[in-house]
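Residue numbering for the sequence shown follows the working numbering, beginning at 198 and increasing consecutively.
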Amino acid sequence: MKIRSKIQWYSSLFLTIMLVLLSVFVLSAFLWISIEREQDMLENQAQLIEENVQEKDLLAGGSKVIEPYTPDDGMVRIFQSNGSLVNRFVDEDGLEELPVKSFTDKGYNFAKVDGEYALTYRAPYPEKGVPVGMIEVTQTQDALLEQLSLLALVLVGSSLFVILLSVIAGKWLANLILKPISIMSQTMADIEESGEFKEIPLQEKSKDELQVMGIAFNRMIGRLERNFDQQQQFLSDASHELKTPITVIESYASLLKRWGMKDEAILEEGVEAIHHEALRMKQLTGHLLKAASPMESSADVKEEIELISFCEQIAQTFRRTTEREVNVTSERTTIHIEAVSSQLEQVLVILMDNAMKYSDSVIDIFIHEKESRLLIDVQDQGVGISAEHLPHVFERFYRVDSSRARKTGGNGLGLSIARSLVESLGGKLEIQSELEMGTTVTISLSHQILI
């Protein structure tokens with residue numbers, strides 16, 4: 198059974214049960230209150246007879262003395278102490294057949310006489326405190342039963358009307374509640390069929406749980422779409438980046454196979470080219486692996502590092518391999534901190550490598566303190582980055598200029614990996630840049646400096 202049918206029929210069933218219980222309660226309360234009222238009326242009539250009619254008149258047998266006290270559609274009977282009937286007045290045919298109870302019976306009795314229900318009250322009448330007879334007052338209850346039947350008919354009719362309305366309202370309510378879910382299901386089916394990412398249209402005024410679920414669904418779809426786009430970009434970039442070194446290696450391998458063994462110059466050139474392209478592939482695959490698991494080194498142990506000599510060592514490596522000028526400047530002569538040296542070294546290598554690729558002049562490393570934080574600036578005077586690209590440079594596979602990136606071997610992973618590593622060190626990575634003015638990347642660490 199569909200949820201829509203369950204909501205509709207279960208709500209109607211619950212309402213039906215409640216209406217039946219309410220109807221039974223109303224009928225029972227009406228019957229009890231009405232009988233109480235009838236009993237009080239009969240008791241009052243018996244008291245009036247006892248108070249206003251003398252004993253000798255009651256026993257004389259004249260029915261006119263008790264006629265004024267007889268209820269409409271009722272009967273009054275007077276019995277002696279031995280149980281014999283001495284007086285009677287009847288206002289309803291058939292009540293004469295009412296059985297005579299023993300003299301000791303007192304109180305109320307509900308009986309059926311000649312097809313009609315009658316309520317009887319019996320009370321002794323005393324003479325100087327000694328009971329000498331019994332007064333019996335009876336009244337038919339046809340009017341009460343008719344009222345009870347009419348009330349039951351009204352309750353049944355109104356209950357059926359309300360139940361019918363509840364079925365219609367239940368259907369409307371089910372459609373109202375399940376409409377967002379139906380839209381979600383249809384959207385999911387469309388996504389599965391077309392392969393395109395779609396969001397659920399939401400009503401801004403609604404603040405219920407379904408609205409929250411719809412917002413969460415749209416947020417999830419947005420994230421999946423971004424991940425899918427990044428995956429497609431990754432496949433495009435990876436295939437392009439790998440295609441070039443593989444083509445070069447294949448070409449030089451074919452050249453060596455044909456001529457390299459005889460020509461020493463060709464052999465040296467081919468080996469050098471293959472070695473260079475292999476290093477490029479190694480660097481690229483390393484970046485890809487780091488991008489897939491940037492927190493891989495979380496188990497590394499922190500150690501004490503003398504930061505200035507640490508940066509100087511990395512700078513010296515780049516001086517030798519690139520024959521470029523790299524300066525390290527610090528406000529102090531020595532700075533000792535606790536950090537994972539391999540992570541910090543990798544961050545500095547990535548930043549230095551970027552500075553080397555996109556500038557031709559001197560590169561500066563500044564180490565200083567600001568507002569209880571330790572800052573390491575890597576500054577170049579290269580081409581810089583425009584303001585429109587600056588907010589996206591830390592995104593994976595984002596490249597400011599694809600043609601320039603191909604020339605420099607970039608793949609858009611370096612800064613993303615560097616930011617992840619710095620965050621794992623408890624710091625943050627910031628970048629400032631202007632076109633044709635250079636770029637400054639700042640490593641901001643919250644580590645307390647060791648004395």
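Every residue gets a Cβ at the ideal spot worked out from N, C-alpha and C, and that includes glycine.
Once you ignore the five residues that flank residue i on each side, which residues in its own chain have a CB closer than 6 Å to its CB?
i    : result
S600 : Any reading at S600 is ruled out, since the residue's pLDDT is 41, under 50, leaving its predicted position unreliable.
E493 : At E493, the pLDDT of 47 sits below 50, so the modelled position is not reliable; the number obtained from the coordinates is stated separately. If we look at E493 and ignore the five residues flanking it on each side, it has no Cβ neighbours.
F286 : S260, I263, E264, T267 and V273
E235 : L316
F307 : L316
L212 : S363
C508 : V525 and I562
V221 : none
I446 : I471 and E474
Q338 : Y314 and L316
M478 : P442
Please list, in chain order, all residues of the same chain as residue i whose beta carbon is under 8 Å from its beta carbon, the five residues on each side excluded.
i    : result
G467 : Y449, A450, L452, L453 and G457
E252 : Y322, E324, V329 and G330
G312 : G291
L348 : V223, L224 and F227
G304 : Y318 and R319
R521 : F515, M553, V559 and I560
I532 : E503, L504, I505, I564, L571 and I646
L632 : V580, G581, I582 and S583
E500 : E535, A536, V537 and S538
V250 : V262, I263 and Y266
L345 : L224, F227, L228 and S231
G392 : none
V409 : none
Can you give the beta carbon distance from residue i to residue j, rounded, assuming they're within the 8 Å contact cut?
i    : j    : result
I502 : I534 : 6 Å
N551 : G611 : 6 Å
H472 : E528 : The Cβ separation is near 42 Å, so there is no contact.
S613 : Q540 : About 15 Å separates the two Cβ atoms, so there is no contact after all.
V590 : I640 : With 8 Å as the limit, V590 and I640 do not qualify as a contact, their Cβ atoms being about 15 Å apart.
S414 : M381 : For the sequence presented, residue 414 should be read as Phe rather than Ser. Right, their Cβ atoms sit about 6 Å apart.
I360 : S209 : 6 Å
Do residue j and residue i have their beta-carbon atoms positioned less than 7 Å apart in this structure?
i    : j    : result
S630 : I582 : yes
P442 : E474 : yes
V544 : V619 : yes
E333 : V310 : no
L239 : Y318 : yes
P377 : L407 : yes
L282 : T335 : no
I397 : G419 : no
L674 : I275 : Nothing in the structure corresponds to residue 674, since the chain is present only between 198 and 648.
I560 : V523 : yes
K368 : Q205 : yes
I547 : A615 : yes
M555 : V575 : Reading off the sequence, residue 555 comes out as Tyr, not Met. Going by C-beta atoms, Y555 is not nearer than 7 Å to V575.
L341 : S231 : yes
E248 : D270 : no
Skipping 5 residues on each side, what residues in its chain have a beta carbon closer than 7 Å to that of residue i?
i    : result
S558 : Q578
A512 : V523, V525 and I562
K459 : none
I388 : F394 and K395
Y207 : none
E592 : S613
T733 : One cannot answer for residue 733 here, as it falls past the ends of the chain, which runs 198 to 648.
- Which ranges would you report for the beta strand (DSSP E) in the stretch 233 to 292 if only whole runs of at least 3 residues count? 271 to 277 and 282 to 287
- Query: Counting only runs that start and end within the stretch 533 to 599, where is the beta strand (DSSP E) found for 3 or more residues in a row?
  - Reply: 533 to 536, 560 to 567 and 570 to 577
- How about the stretch 372 to 386 and the stretch 213 to 230: do they share at least three Cβ pairs that are nearer than 8 Å? no
- Task: Could you name each continuous alpha helix (DSSP H) segment of 4 residues or more that falls completely within the stretch 604 to 642, going from the start of the chain to the end?
- Result: 611 to 621
- Item | Runs of beta strand (DSSP E) wholly within the stretch 307 to 346 (minimum 3 residues, chain order) | 313 to 324 and 327 to 337
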